[in-house]
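One structure below.
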Amino acid sequence: MPAAVNTGLLYRAGRPLIFCMAPERAHDVVLASLKNAHALGLSGLLASHPPDDPVDVMGIRFPNRVGLAAGLDKNGDYIEALAALGFGFLEIGTVTPRPQPGNPKPRMFRLVSRQALINRLGFNNKGLDHVLQRLEATRFDGVLGVNIGKNKDTPNRDAVKDYLTGLEAVFPHASYITVNISSPNTEGLRDLQQADPLTDLLAALVEKRNALARESDRQVPLALKIAPDLTPAELQSVAQVINQSGVEAVIATNTTLDRQAVAGLPHGEEAGGLSGAPLFERATEVLRSMRAALRPELSLIGVGGIVNGANAVSKLQAGADLVQIYTGLIYRGPELVGEIGRAIHAAELGR
Ligand SMILES: Cc1cc2nc3c(=O)[nH]c(=O)nc-3n(C[C@H](O)[C@H](O)[C@H](O)COP(=O)(O)O)c2cc1C
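To convert, count from 1 in the sequence shown and add 608; that's the numbering used here.
Dropping the structure here:
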């Protein structure tokens, strides 16, 4: 397929140049270039589109099962350009009510030999007002998730307010809304995964969402994004709370604090969340245990360590309805989107 060959070649040719830059700078430069290429009508050259493979999940029709994970386009500044890469859905954010700068730089590190990243960005984002402007301006009419979080200086006892603010603001624009309580880079955030705070948070969000749905006659599913570092007992407790909460989906998983897989490597001990290939097994294990513990009508989005088509098929076999990628895209480029779509399609045909 010539388009796929071009995509792979183009990215492989450009990658050494991109990887010469500090990771965060490379991120900004690549996204700005992608946006320019898209404005010039050239983004198709980069794309390696998955085959049409529509699927209904959470009551939404997805053109294919391959999504962009949260964190790459935190502010919704690149929606059209990213959509042109062939994703079946995009998730923007995490957005917090107020803008915040995140942690001091450097705060993103490549572990090239392991196709991995460590980041401690800390929810750097331009805030809800900016994201709302982007959502109002976008011409993208595909499936768009919006991932919401709380500000760093909002204490956990007030976290519900931040999430309610986010939910209410993005509700009219989002295909689904992700509640992110699993970033390791906002102190104490993951404590919201404990049964009591989680029960209260989800009850408040589901109640508000249901009221908004009644007023607008529009259904917007809620997804909860969880960490890979929960113990088996914690996973069971989280699943129990979710089963009774009224949310529609779980996203498993965010980045990990575990460093076993990268011990001794340059940057291996940097603080933050580890993503990419070394996360694959753990994230898939969490996905599998969630599938076993959740009510069957709940949907699952599998994310963590997908760097090739076979990884994505394994996520579906572990119970995912959809998959998302972030770090794999950095290492493999846009050809990964098409590769995953084709691998999933082939696996479905073989069932
Ligand atoms: C640099 C970076 C920033 C991220 N920012 C967010 C974020 O803002 N919100 C979120 O829910 N997940 C965020 N993530 C986590 C990803 O969405 C994903 O869950 C994780 O990286 C595992 O997938 P991967 O191995 O394909 O990267 C971020 C990941 C990276 C690498």
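Where a beta carbon is used, it is the ideal one built from N, C-alpha and C, also for glycine.
All of these numbers come straight from a predicted model, not from anything done at the bench.
The stretch 856-873 makes no contact with the stretch 614-631: fewer than 3 CB pairs, one atom from each, lie closer than 8 Å. L693 and V945 have their alpha carbons spaced roughly 7 Å apart. At a threshold of 7 Å, S641 does not count as near ligand 1, since its beta carbon sits no closer than that to any of the ligand's heavy atoms.
For Q868, the secondary structure class from DSSP, reduced to helix, strand or coil, is helix. If the five residues before and after A689 are omitted, its C-beta is found closer than 7 Å to the C-beta atoms of L642, K643, H646 and S651, all from its own chain and listed in chain order.
Taking the Cα positions, Q848 is about 8 Å away from A901. Here K769 carries a helix assignment [DSSP, helix/strand/coil]. Take the alpha-carbon of A835 and the one of L887: they are about 11 Å apart. For the pair of segments examined, the stretch 707-726 was found to touch the stretch 876-885: the number of CB pairs separated by less than 8 Å reaches three. Counting along the chain, no alpha helix (DSSP H) covers E905, and no H or E run does either. In this structure, G912 has its beta carbon less than 7 Å from a heavy atom of ligand 1.
Assigned with DSSP and collapsed to three states, S853 falls in coil, not helix or strand. The beta carbon of S883 sits closer than 7 Å to at least one heavy atom of ligand 1.
For T935, same chain residues with a beta-carbon under 6 Å away, outside a window of 5 residues either side, are L725, S883 and G884 in chain order. Here A724 carries a strand assignment [DSSP, helix/strand/coil].
The continuous alpha helix (DSSP H) containing Y939 extends over residues T935 to R940.
Approximately 7 Å separates the beta-carbon atoms of A857 and L908; this is inside 8 Å, confirming the contact. For K833, the secondary structure class from DSSP, reduced to helix, strand or coil, is strand. A contact between stretches requires three or more CB pairs, one per stretch, nearer than 8 Å, and the stretch 706-721 fails this requirement with the stretch 818-837. The Cβ neighbour count for R959, taken over all protein chains shown within 10 Å, is under 16; the residue is labelled exposed.
Assigned with DSSP and collapsed to three states, Y686 falls in coil, not helix or strand. Counted as a single uninterrupted DSSP element, the alpha helix (DSSP H) harbouring L743 occupies residues G735 to A745.
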